[in-house]
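What follows is the structure, given as structure tokens:
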């Protein structure tokens, strides 16, 4: 019996060595967490990622991207009494002060200024309430189906203010497509003019991963309230792989993010199938040299998954009527699979031939014009 048990242990160890990812599950302190690849949105790790929770100041990612997209980047904002009286973290604005919207966005993201959040909301949305409407409208557009915003800063003054780790990753993925947002999010130190003093305001980013803890971090936003506890959204890039990490209600968020990133960078890489390759060697004389797709296939995979990647092309059967009606612009689709799971697809287009005018066509046209 002991000999049989010993053999089973050897077999188990052998299989664990074959599948190290499955054998050693990653753990994080956060109640909700997610690791997402930026380009495709593929989830590489998650823990209770769809549970609605309070999110504190990571709310300000939405406030920042709406301010940037408003087109009012250089406009002067007049700071209201309401903005100045906002409780919590502050960049110490003064009532009646005029400050460029761009400076407020830096103060919002680097120092988590709640006064900056209200000033932005009033200027961009006409009022805090109007801005909150814009926040929820954008959330719906992005696909944040388990999110509701009630203010621009994330303070615990409303019950109907919540999101999920997954939704916040979607928001960060959307925001990181904006060059201006990427610049703000990745700034370690920023100087803003102070019109009522002889010295500039100097804001250092609260994101410790960015400033000194993790060399691959490219940006993010911190958050904390008594009810939400610690929340954190960050981004990191290494060897062409861009990742997003989110933790909500975490006791050790800095190390949670580092652990997720190290897991992602160690086990995943981006595989690219060139657009020309996707339509190459089509075994149909009608379609040969006439097909194209608009983009490459790019997808993050493990080494094990890379061996299971396969490409399928599904094309319409050529029709006789196309001689009169013309060939449709879309004639099929290309699909990317990992084993039997479809992970991406893109339309296949038919390259229409340009009709060339003969000398006689040209001559006939001239005679008609004449």
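Numbering (mature numbering (1 follows the signal peptide of the UniProt record, and there is no 0)), first residue to last: -25 to -1, 1 to 345. Built from N, CA and C at the ideal position, the CB exists for glycine as well.
Open item on the list: Can you tell me whether residue 229 is helix, strand or coil according to DSSP?
Closed with: On the chain shown, residue 229 is found 254 positions in, with the first residue counted as 1. For residue 229, the three-state secondary structure derived from DSSP is helix.
Open item on the list: Here's the rule: buried if 16 or more other CB atoms are within 10 angstroms of the residue's CB, otherwise exposed. What is residue 269?
Closed with: Position 294 of the chain shown holds residue 269. Result: exposed.
Task: Inter-residue CB distance, residue 143 and residue 33 (contact presumed, cutoff 8 Å) - done: Position 168 of the chain shown, counting from 1, holds the residue named residue 143. Position 58 of the chain shown, counting from 1, holds the residue named residue 33. Correct: roughly 6 Å between the Cβ atoms.
- [ ] Report the option in 18, 4, 6 and 5 whose CA atom is closest to the CA atom of residue 239.
- [x] Taking the chain shown and counting its residues from 1, one reaches residue 239 at position 264. Closest option to residue 239, Cα to Cα, is 18.
Open item on the list: Starting from residue 281, trace the beta strand (DSSP E) in both directions and tell me its first and last residue.
Closed with: By one-based count along the chain shown, residue 281 stands at place 306. For residue 281, there is no enclosing beta strand (DSSP E); the residue is part of the alpha helix (DSSP H) that begins and ends at 278 to 281.
- [ ] Check residue 307 in the structure and name its three-state DSSP category.
- [x] Here residue 307 corresponds to residue number 332 of the chain shown, with the count starting at 1. The answer is strand: DSSP assigns residue 307 an E or B state.
Task: Test item: CB-CB of residue 54 and residue 70 under 8 Å - done: In the chain shown, the residue the question calls residue 54 occupies position 79. In the chain shown, the residue the question calls residue 70 occupies position 95. Yes, Cβ-Cβ distance for residue 54 and residue 70 is below 8 Å.
TODO: Could you name the residues of the same chain whose beta carbon sits closer than 7 Å to that of residue 228, not counting the 5 residues immediately before and after it, in chain order?
DONE: Within the chain shown, the letter at position 253 stands for residue 228. If we look at residue 228 and ignore the five residues flanking it on each side, its Cβ neighbours are 5, 205, 207 and 222.
Open item on the list: Between 164, 149 and 307, which has its C-alpha nearest residue 176's C-alpha?
Closed with: Taking the chain shown and counting its residues from 1, one reaches residue 176 at position 201. Nearest option by C-alpha distance: 164.
Open item on the list: Tell me the rounded alpha-carbon separation between residue 199 and residue 285.
Closed with: Your numbering for residue 199 matches position 224 in the chain shown. Your numbering for residue 285 matches position 310 in the chain shown. Those two C-alpha atoms are separated by around 45 Å.
- [ ] Measure the Cβ-Cβ separation of residue 128 and residue 61 and say whether it is below 8 Å.
- [x] For the purposes of this step, residue 128 is identified with residue 153 of the chain shown, where counting begins at 1. For the purposes of this step, residue 61 is identified with residue 86 of the chain shown, where counting begins at 1. Annotated as proximal: residue 128 and residue 61, with beta-carbon spacing under 8 Å.
Open item on the list: I need the straight-line Cα distance from residue 11 to residue 322, nearest angstrom please.
Closed with: For this step, residue 11 is matched to residue 36 along the chain shown. For this step, residue 322 is matched to residue 347 along the chain shown. Near 25 Å, if we compare the C-alpha coordinates of residue 322 and residue 11.
Task: beta strand (DSSP E) segment containing residue 178, residue limits - done: Numbered from its first residue, the chain shown carries residue 178 at position 203. Residues 176 to 179.
Open item on the list: Suppose you measure from the CA of residue 90 to the CA of residue 140; what does that come to, to the nearest Å?
Closed with: Within the chain shown, numbered from 1, the residue matching residue 90 stands at position 115. Within the chain shown, numbered from 1, the residue matching residue 140 stands at position 165. Taken atom to atom, the span from the alpha-carbon of residue 90 to that of residue 140 is near 25 Å.
Task: 6 Å CB neighbourhood of residue -2 in its chain, flanking five on each side removed - done: Numbered from its first residue, the chain shown carries residue -2 at position 24. In this predicted model, residue -2 has a pLDDT of only 46, less than 50, meaning its place in the structure is not dependable; the value taken from the coordinates is given anyway. Hits under 6 Å: none found.
- [ ] Would you give the residue range spanned by the alpha helix (DSSP H) that residue 74 belongs to?
- [x] As a working mapping, residue 74 is identified with position 99 in the chain shown. Counting along the chain, no alpha helix (DSSP H) covers residue 74; the unbroken beta strand (DSSP E) around it starts and ends at 73 to 75.
Task: the stretch 152 to 160 contacting the stretch 115 to 132, beta-carbon criterion three pairs below 8 Å - done: Inter-segment contact for the stretch 152 to 160 and the stretch 115 to 132 is absent: fewer than three beta-carbon pairs are separated by less than 8 Å.
Open item on the list: Given this structure, state the Cα-to-Cα distance separating residue 65 from residue 41, to the nearest angstrom.
Closed with: As a working mapping, residue 65 is identified with position 90 in the chain shown. As a working mapping, residue 41 is identified with position 66 in the chain shown. Residue 65 and residue 41 have their alpha carbons spaced roughly 20 Å apart.
Task: Inter-residue Cα distance where the pair is residue 37 and residue 146 - done: By 1-based counting over the chain shown, the position of residue 37 is 62. By 1-based counting over the chain shown, the position of residue 146 is 171. Going by the C-alpha atoms only, they are around 7 Å apart.
Open item on the list: Am I right that residue 75 and residue 68 are in contact with their C-beta atoms under 8 Å? What's the rounded C-beta distance?
Closed with: Here residue 75 is taken as the residue at index 100 of the chain shown, counted from 1. Here residue 68 is taken as the residue at index 93 of the chain shown, counted from 1. The pair is not a contact, with the Cβ atoms about 12 Å apart (cut-off 8 Å).
TODO: Step through the CB atoms of chain C and report whether any lies within less than 8 Å of the CB of residue 217.
DONE: Given the protein chain composition of this structure (a single chain), no chain C is represented.
Task: Where residue 87 falls, given that 16 or more other Cβ within 10 Å makes a residue buried - done: Translated into the one-based positions of the chain shown, residue 87 becomes position 112. Burial call: buried.
Open item on the list: If the criterion is Cβ atoms closer than 8 Å, does the pair residue 79 and residue 52 meet it?
Closed with: Taking the chain shown and counting its residues from 1, one reaches residue 79 at position 104. Taking the chain shown and counting its residues from 1, one reaches residue 52 at position 77. In this structure, residue 52 lies closer than 8 Å to residue 79 by Cβ.
Task: Top-ranked residue by Cα proximity to residue 30, from 283, 103, 8 and 293 - done: Counting from 1 along the chain shown, the entry for residue 30 is found at position 55. Comparing Cα positions, the closest option is 8.
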